[in-house]
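Chemist: The structure's right below; bear with me while I get my questions together.
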Amino acid sequence: MKDCYRRNYNKYDWLILYELDEFIHLSNYTNIKSFLKKSKFENCQIICLNLIYHTNNNKLYYENKSLSERFPKIVPITKHEGKFLGVKSIIRYNISNP
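With this note's numbering applied, the sequence shown corresponds to residues 35 to 132, in that order.
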C-alpha cells in the first residue's frame, strides 16, 4: 500500500483499499465519484466503509442476475467494544505525512 501511495499520490485524489472479491455498494449514488464529491467529505482524509458479508445463499450455479439479487442474505454486522469489526478505507491522497 505504501508503494502504491508513493507511486500515485500526485496523480489521483483518492485511494480505495479493497480486495478483488469485494464490492462497494452505494445505494443512493450512481458512481463512486459522485459519492466522494459530497460536501461532508470536503475536509476528510479517510472514509471508512463498514463491511457487509454475504453468504453463499446456498447457490451452486451462476445466475445471470445482479449480486444483490443472487446473494440477498447477509451476515449480521458485529461490534466489539462499540466498534465495527471490519471496515474498508478510502484515503485522500493529499495526506500531509505519507
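All residues carry an ideal CB built from backbone N, CA and C; glycine is no exception.
Please report the residue range of the alpha helix (DSSP H) in which S68 lies.
Modeler: 66-70
Chemist: Comparing C-alpha positions only, which one of N91, L54, S102 sits nearest to S61?
Modeler: S102
Chemist: Tell me the rounded alpha-carbon separation between P106 and L94.
Modeler: 15 Å
Chemist: Out of I50, Y46, C38, N42, state which residue places its alpha-carbon closest to the alpha-carbon of K122.
Modeler: Comparing Cα-Cα distances from K122 to each of I50, Y46, C38, N42, the minimum goes to I50.
Chemist: On a CA-only basis, which of C82, K71, N92 is nearest I125? Give me that one, please.
Modeler: C82
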